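For reference, the structure discussed in these notes is given below.
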DNA sequence: GCGAACGTTCAGAAATTTCTGAAGGCTGGG
DNA sequence: CCCAGCCTTCAGAAATTTCTGAACGTTCGC
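Residue numbers (my numbering), protein chains in the order written: chain A, 1 to 155; chain B, 1001 to 1155.
What follows is the structure in structure tokens.
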């Protein structure tokens, strides 16, 4: 509820926190910019200026954040620039996709189970496989529950 | 179900997959070594030999993996070396802790909510905050459900 | 106590990731 | 058709992460 400088600082702090959680630096900064703006949409140029970063790195970061499904292109007629904005269900889709690597892990573990004779190692691998399978099946339901609850409380 | 060379290859592949999911390289290799061994426990020396890595990097990696709660020291009398093995509920605890960064994110977002005037940005931040709060409260229950199901099927 | 076997720490080297800046490609207006 | 504005790509520079190897503690057997 304070000044504009403060808003940027807080945004930057959130970006750094996301970096701590494993996100790429510039991608996190771009994301924070979208979170904290009251504009309808931002262009690559806006971001470059706002963040004080080169057009090149902004371009790469935007690409990443878009692949994550957090922002989307928004068509604006009468403008040659590409406009972007956050997607509505950004966070739930992000969380869902965070679990995409789990598919890969699952494959690798399943291969492990096949490659070892029965014994302690195999039991360990089976346990790991079962857990990741469980996650893969339960997470979508979890996300859905959140969205449902939300739509109820805001009819 | 094939040779020893194969086991190592499969283990190494799982390690690389975990790296892809964000884990540190040597930590992932150490973890895979524990997953795939039929020994009761491994020492730093064992790992160094098995992985062909220096004692120094093994030491650092073991420290990390232990902080993650995936392995534990096991007392072996009559041996000067430190022995380690995987913890029983390694995967569920890991998943639980994966959500530790969420606390930090939650703090940062909450600060964001306070720092902006009512408007689109604020609504976005509130949504994000609510979602992470939801996760924080639901994940433990999810993990518990898995363990319960598992203990039922293996009485 | 002394010596040997292990493990840890840390400075520096190596590898990887990340950013920049310049060159080039589209697109729409004139 | 040409030009201007905007974005993307890419090679190289900068920063960061990760590994090694040597020096230093510790612990146990003797």
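Positions of the beta carbon are idealized from the N, C-alpha and C atoms, including for glycine.
Computed from a prediction, not measured in an experiment: that's the story for all the values here.
query, result
"Is the region 1030-1037 of chain B close to the region 132-141 of chain A, with three or more CB pairs under 8 Å?", "no"
"Could you give the distance in angstroms between the alpha-carbon of residue 1099 of chain B and the alpha-carbon of residue 42 of chain A?", "31 Å"
"Give the residues of chain B in contact with residue 71 of chain A, contact being defined as C-beta atoms less than 8 Å apart.", "Within chain B, no residue comes near residue 71 of chain A; the closest Cβ sits about 12 Å away, beyond 8 Å."
"Identify the continuous beta strand (DSSP E) that holds residue 85 of chain A and give its terminal residues.", "83-86"
"Counting along the chain, where does the beta strand (DSSP E) carrying residue 1010 of chain B start and finish?", "Residue 1010 of chain B -> not in any beta strand (DSSP E); alpha helix (DSSP H) instead, spanning 1004-1020."
"Mind checking which residues open and close the beta strand (DSSP E) that includes residue 1072 of chain B?", "1071-1074"
"According to the Cβ coordinates, are residue 85 of chain A and residue 34 of chain A closer than 8 Å?", "yes"
"Between the Cα of residue 146 of chain A and the Cα atoms of A:89, A:55, A:70, which residue gives the shortest distance?", "A:89"
"Determine the direct distance from the alpha carbon of residue 77 of chain A to that of residue 40 of chain A, and round the result to whole angstroms.", "14 Å"
"For the alpha helix (DSSP H) holding residue 1066 of chain B, just list the boundary residues, first then last.", "1055-1067"
"For chain A, is any of its Cβ atoms less than 8 Å away from the one on residue 1112 of chain B?", "yes"
"Taking the alpha carbon of residue 1092 of chain B as the point to measure from, which residue in B:1143, B:1107, B:1059 has its own alpha carbon closest?", "B:1143"
"Quick one, which residues of the region 1018-1049 of chain B are near chain A if we go by CB-CB under 9 Å, in chain order?", "1018, 1020, 1021, 1022, 1032, 1034, 1035, 1036, 1037, 1038, 1039, 1040"
"Would you say residue 1083 of chain B reaches chain A, if we count a Cβ-Cβ gap shorter than 8 Å as a contact?", "no"
"Could you tell me the alpha carbon to alpha carbon distance between residue 1054 of chain B and residue 112 of chain A, rounded to whole angstroms?", "26 Å"
"Please compile the residues from chain B whose C-beta is within a distance smaller than 7 Å of the C-beta of residue 64 of chain A.", "Correct list: empty, because the minimum Cβ distance to chain B is about 15 Å."
"Between the region 1119-1131 of chain B and chain A, which residues of the former have a C-beta closer than 8 Å to a C-beta of the latter?", "1119, 1120, 1121, 1124, 1125, 1127, 1128, 1130, 1131"
"8 Å is my cut-off, CB to CB: does residue 1142 of chain B come that close to chain A?", "yes"
"I want to verify the contact list: residues of chain B whose CB lies under 7 Å from the CB of residue 14 of chain A, in sequence order.", "1108, 1109, 1112"
"Tell me, to the nearest whole angstrom, how far the beta carbon of residue 1024 of chain B is from that of residue 1064 of chain B; I am working on the premise that it is less than 8 Å.", "6 Å"
"What does residue 138 of chain A reach in chain B if we use C-beta pairs closer than 9 Å?", "1142, 1145, 1146"
"Which full runs of the alpha helix (DSSP H) of 4+ residues lie inside the region 91-146 of chain A, going along the chain?", "100-115"
"What are the start and end residues of the alpha helix (DSSP H) that includes residue 1052 of chain B?", "Element bounds for residue 1052 of chain B: n/a, residue is neither H nor E."
"Suppose you measure from the CA of residue 1007 of chain B to the CA of residue 1097 of chain B; what does that come to, to the nearest Å?", "29 Å"
"Does the distance from the C-beta atom of residue 87 of chain A to that of residue 71 of chain A stay below 8 Å?", "yes"
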